[in-house]
Amino acid sequence: MGAYVLRRLMLVVPVLLLVSLIVFTLSYHMPGDPARLLMGQAADEETLALKRAELGLDRPFGVQYVSYLGKLARGDLGKSYAKKGKGVGEIVRESFAVTLRLAVLATLVSIVFGIAAGVAAAVKPYSWVDYGSMLLALLGVSLPVFYLGFLLIVFVARNVGLRTAGFDDATLWSQFASLLLPAIALGALSTAIVARLTRSTMLEILGQDFVRTARAKGLAERAVVLRHALRNAAIPIVTVVGANLGGLLMGAVLTETVFSLPGLGREIVNAIFQRDRELIAGGVLFMSLIFVAVNLAVDLTYAWFDPRVRYE
Amino acid sequence: MSGSSATVGRDALAGAAREGRSPTALAFRRMFRSQTAVAGLGITVALVVTGLLAPWLAPNEYWRISREAVMQAPGAHPAHVLGTDELGRDVLSRLLYGARISLLLGVGATGVAVVVGVVLGAVSGYLGGWVDMLLQRVTDTFMALPTLLVAIAVTAIVERPTLTTLFLVMGFLSWTTVARVVRGQVLALRENDYAVAARSLGAGDGRILFGHLLPNCVGPIVVLGTLLVASMILFEAGLSFLGLGVQPPYPSWGRMLLDAKPFMEESPWLMVYPGAAIVLTVLGLNFFGDGLRDAFDPRMKV
Numbered sequence: 000m001g002a003y004v005l006r007r008l009m010l011v012v013p014v015l016l017l018v019s020l021i022v023f024t025l026s027y028h029m030p031g032d033p034a035r036l037l038m039g040q041a042a043d044e045e046t047l048a049l050k051r052a053e054l055g056l057d058r059p060f061g062v063q064y065v066s067y068l069g070k071l072a073r074g075d076l077g078k079s080y081a082k083k084g085k086g087v088g089e090i091v092r093e094s095f096a097v098t099l100r101l102a103v104l105a106t107l108v109s110i111v112f113g114i115a116a117g118v119a120a121a122v123k124p125y126s127w128v129d130y131g132s133m134l135l136a137l138l139g140v141s142l143p144v145f146y147l148g149f150l151l152i153v154f155v156a157r158n159v160g161l162r163t164a165g166f167d168d169a170t171l172w173s174q175f176a177s178l179l180l181p182a183i184a185l186g187a188l189s190t191a192i193v194a195r196l197t198r199s200t201m202l203e204i205l206g207q208d209f210v211r212t213a214r215a216k217g218l219a220e221r222a223v224v225l226r227h228a229l230r231n232a233a234i235p236i237v238t239v240v241g242a243n244l245g246g247l248l249m250g251a252v253l254t255e256t257v258f259s260l261p262g263l264g265r266e267i268v269n270a271i272f273q274r275d276r277e278l279i280a281g282g283v284l285f286m287s288l289i290f291v292a293v294n295l296a297v298d299l300t301y302a303w304f305d306p307r308v309r310y311e
Numbered sequence: 000m001s002g003s004s005a006t007v008g009r010d011a012l013a014g015a016a017r018e019g020r021s022p023t024a025l026a027f028r029r030m031f032r033s034q035t036a037v038a039g040l041g042i043t044v045a046l047v048v049t050g051l052l053a054p055w056l057a058p059n060e061y062w063r064i065s066r067e068a069v070m071q072a073p074g075a076h077p078a079h080v081l082g083t084d085e086l087g088r089d090v091l092s093r094l095l096y097g098a099r100i101s102l103l104l105g106v107g108a109t110g111v112a113v114v115v116g117v118v119l120g121a122v123s124g125y126l127g128g129w130v131d132m133l134l135q136r137v138t139d140t141f142m143a144l145p146t147l148l149v150a151i152a153v154t155a156i157v158e159r160p161t162l163t164t165l166f167l168v169m170g171f172l173s174w175t176t177v178a179r180v181v182r183g184q185v186l187a188l189r190e191n192d193y194a195v196a197a198r199s200l201g202a203g204d205g206r207i208l209f210g211h212l213l214p215n216c217v218g219p220i221v222v223l224g225t226l227l228v229a230s231m232i233l234f235e236a237g238l239s240f241l242g243l244g245v246q247p248p249y250p251s252w253g254r255m256l257l258d259a260k261p262f263m264e265e266s267p268w269l270m271v272y273p274g275a276a277i278v279l280t281v282l283g284l285n286f287f288g289d290g291l292r293d294a295f296d297p298r299m300k301v
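Residue numbers (numbering that gives the first Met the number 0), protein chains in the order written: chain A, 0 to 311; chain B, 0 to 301.
In structure tokens form, the structure reads like this:
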């Protein structure tokens, strides 16, 4: 296990270096002048040149990249030019708090609804419950998150009295209320995948000998399904939920745009339109770091559960 | 699709010899037995036809602005069956042209991904050694990239991404599965008797790889390619929805959703139709791709 962990950790380094190089190259070539953004339209050419020298923007590409990496190593993501020099680290921290809550809630949605639908379908295979939930699962796989978000806003939100846009962080309840529909939209894909997997795994397990034994000794069907079968289906379900976490973070970028949530994804998209290079670079880099870390954690957990993975 | 023999089971081969049908023909027969696969094929064909014939099918030009017919609900105006948008453009015409753009981008980006994936996977599997090691690490790195974010960052720097830019960006971020599968196939195939025979007859590496091994990877590549087209169409819709994909005046379904956003409460039809078009297309391609996969190689099923 130790060797496997080490090998996987070593793999993270080139990935992050590559992402940082891509992101830095892009922000280096980004049109728009940060000095102009900071000093305003009235500034003359001499002031702008001074500002550029102060920011280090007149140095060659390689030098700037290395100094950027040095700053990153010290945990300094730079400053947002469009937000009057507010620290990128601070913006990322504040907005990622919203994204994280959205992703966690979406994961909960996918676990609860996915397992419920999958179990219901597996208990009565080829019944209308089965066909109905698998049809919903099929829709869940094909509906893009931004379209489902629209449908929820227009056809559901108003009818059940939930807010259609923005984030209200006044109380825990208001946070939940403003994130519920976005989480359903974002979690739909994972819900569908979890439902399908739960169904097939449960069907397989319910046909095994120990289930017949449990039934034969007179256990209630409820106990057989929930305590004996579902518990054995847990590992593949947990694995697929984990594997979907990374995709969930990417989907959050789109979800936040549909529901106008002040999350990190929307900050990055807004920064792109404002040509705010340090915020773009810092935001994408941070999101990539989380993405890579989540995938790494999932792989390590998986390897811990299933030793065969370590030797592939 | 000359030889997907390597991907078909032995009993199918025996059947082919007896009935005089090629394994490919048998696979297609298997595919046509699945209702969902046929439905998927039907939707896909309809999409392709729509895309090709858009200029003749569309009642209007997609860019034609009409000040007299702004925000018409579907059916309210006889000339605009699915209504008009905030600039008075005909929604149906834009949807039909949108099929063309989606298909073009889906197929184009898939083409880039397949070419990159096949070349890297084949070279990696055939040469082995340090080349394989290096290419596998590159593949790992690309698999770990947050695709959408990198694509967002790339398209942001080119102020108005052209279709070519989008092909390349989406394709270069999506070749990893193809490379993995082709590498695995080539790795297994290069030990086969016919590969050894070709080598002993003096065939060079290039001839063995491109003339003998790759033709036997066509089945899996076609299956992966079909499924990739669906995910590329979703990818493009997502990018366009963020305003970073296809640029106006071209009507992309994702872009139409973005444009409909401010009006979604009072004019929901502006977003219902393009969204439904995306869902139908993706559903069709996935059905068709799954059917192909089950028919050509049931082992690929996950």
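For each residue, glycine too, the CB sits at the ideal point set by N, CA and C.
The structure presented is a predicted model; accordingly, all values stated were derived computationally and were not measured.
DSSP beta-bridge partners of residue i
{"i": "Lys85(A)", "result": "Ser79(A)"}
{"i": "Thr83(B)", "result": "Asp89(B)"}
Distance CB(residue i)-CB(residue j) smaller than 9 Å
{"i": "Phe290(A)", "j": "Leu76(A)", "result": "no"}
{"i": "Gly113(A)", "j": "Leu37(A)", "result": "no"}
{"i": "Arg195(A)", "j": "Gly117(A)", "result": "yes"}
{"i": "Ile192(A)", "j": "Ala251(A)", "result": "no"}
{"i": "Ala302(A)", "j": "Ala81(A)", "result": "no"}
{"i": "Ser173(B)", "j": "Phe240(B)", "result": "no"}
{"i": "Thr49(B)", "j": "Gly283(B)", "result": "no"}
{"i": "Val283(A)", "j": "Ile100(B)", "result": "no"}
{"i": "Thr154(B)", "j": "Leu165(B)", "result": "yes"}
{"i": "Leu256(B)", "j": "Phe145(A)", "result": "yes"}
Within chain A, partners of residue i - CB distance below 9 Å
{"i": "Arg136(B)", "result": "Leu10, Pro13"}
{"i": "Val281(B)", "result": "Val140, Ser141, Leu142, Pro143"}
8 Å Cβ cut-off: residues of chain A touching residue i
{"i": "Asn285(B)", "result": "Val140, Ser141"}
{"i": "Val278(B)", "result": "Leu138, Ser141, Leu142, Pro143, Tyr146"}
{"i": "Asp139(B)", "result": "Leu10, Val14"}
{"i": "Gly203(B)", "result": "Per Cβ cutoff of 8 Å: no residues; Gly203(B) is ~32 Å from chain A at best."}
{"i": "Gly50(B)", "result": "Correct list: empty, because the minimum Cβ distance to chain A is about 19 Å."}
Cβ distance (whole Å) where residue i is taken to contact residue j below 8 Å
{"i": "Gln184(B)", "j": "Pro214(B)", "result": "Their Cβ separation, rounded to whole angstroms, is 11 Å, which puts Gln184(B) and Pro214(B) out of contact at 8 Å."}
{"i": "Pro181(A)", "j": "Thr98(A)", "result": "Not confirmed; about 10 Å, so no contact."}
{"i": "Leu295(A)", "j": "Val11(A)", "result": "6 Å"}
{"i": "Ala164(A)", "j": "Phe258(A)", "result": "6 Å"}
{"i": "Phe95(A)", "j": "Leu288(A)", "result": "In fact, because the Cβ distance is near 11 Å, the residues do not count as touching under 8 Å."}
Chain-ordered chain B contacts of residue i [CB-CB under 7 Å]
{"i": "Val153(A)", "result": "Met263, Glu264, Pro267"}
Proximity to residue i [Cα-Cα], best of the options
{"i": "Leu188(B)", "options": "Ser199(B), Ala143(B), Arg32(B), Ile207(B)", "result": "Ile207(B)"}
{"i": "Met169(B)", "options": "Gly242(B), Gly110(B), Val48(B)", "result": "Gly110(B)"}
{"i": "Glu190(B)", "options": "Met142(B), Leu126(B), Pro58(B), Leu56(B)", "result": "Leu126(B)"}
{"i": "Phe262(B)", "options": "Ala176(A), Val14(A), Leu150(A), Asp57(A)", "result": "Leu150(A)"}
{"i": "Glu93(A)", "options": "Pro261(A), Arg226(A), Thr170(A)", "result": "Pro261(A)"}
{"i": "Val114(B)", "options": "Val37(B), Leu212(B), Val177(B)", "result": "Val177(B)"}
{"i": "Gly39(B)", "options": "Asp293(B), Phe295(B), Phe286(B)", "result": "Phe286(B)"}
{"i": "Ala280(A)", "options": "Leu20(A), Gly165(A), Arg58(A)", "result": "Leu20(A)"}
{"i": "Met326(B)", "options": "Gly88(A), Gly165(A), Pro143(A)", "result": "Limits of chain B in this structure are 0 at one end and 301 at the other, which puts residue 326(B) out of reach."}
{"i": "Glu277(A)", "options": "Val14(A), Ala2(A), Leu299(A), Leu71(A)", "result": "Leu71(A)"}
{"i": "Ala120(A)", "options": "Ala52(A), Gly55(A), Ser199(A)", "result": "Ser199(A)"}
{"i": "Leu229(A)", "options": "Gly241(A), Val210(A), Leu247(A), Ala242(A)", "result": "Val210(A)"}
{"i": "Arg157(A)", "options": "Ala155(B), Val195(B), Glu265(B)", "result": "Glu265(B)"}
{"i": "Arg35(A)", "options": "Gly69(A), Leu47(A), Met9(A)", "result": "Leu47(A)"}
{"i": "Met142(B)", "options": "Tyr3(A), Leu25(A), Leu15(A)", "result": "Leu15(A)"}
{"i": "Val240(A)", "options": "Met9(A), Leu104(A), Pro306(A), Ala176(A)", "result": "Leu104(A)"}
{"i": "Glu85(B)", "options": "Gln71(B), Tyr96(B), Arg93(B)", "result": "Gln71(B)"}
{"i": "Asp298(A)", "options": "Leu248(A), Ala176(A), Thr238(A)", "result": "Thr238(A)"}
{"i": "Leu17(A)", "options": "Leu91(B), Asp139(B), Thr83(B)", "result": "Asp139(B)"}
{"i": "Gly124(B)", "options": "Thr161(B), Leu186(B), Leu148(B), Gly237(B)", "result": "Leu186(B)"}
{"i": "Gly61(A)", "options": "Val122(A), Ile204(A), Tyr27(A), Arg307(A)", "result": "Tyr27(A)"}
{"i": "Tyr272(B)", "options": "Asp89(B), Val47(B), Ser33(B)", "result": "Asp89(B)"}
Chain A contact residues for residue i, given Cβ-Cβ distances below 7 Å
{"i": "Gly274(B)", "result": "Tyr146, Phe149"}
Beta-carbon neighbours of residue i, restricted to chain B and to distances below 8 Å
{"i": "Leu25(A)", "result": "Ala152, Val153, Ala155, Ile156"}
{"i": "Met249(A)", "result": "Pro145, Thr146, Leu147, Leu148"}
{"i": "His28(A)", "result": "Ile156"}
{"i": "Ile110(A)", "result": "Those do not exist, as Ile110(A) stays about 21 Å from chain B at its closest Cβ, beyond 8 Å."}
{"i": "Ile279(A)", "result": "Ala152, Ala155"}
Chain B residues whose Cβ lies nearer than 9 Å to that of residue i
{"i": "Ile21(A)", "result": "Leu144, Val149, Ala152, Val153"}
Interface flag, residue i vs chain D, CB-CB below 9 Å
{"i": "Ile267(A)", "result": "In the structure shown, chain D cannot be found, because the protein chains are A and B."}
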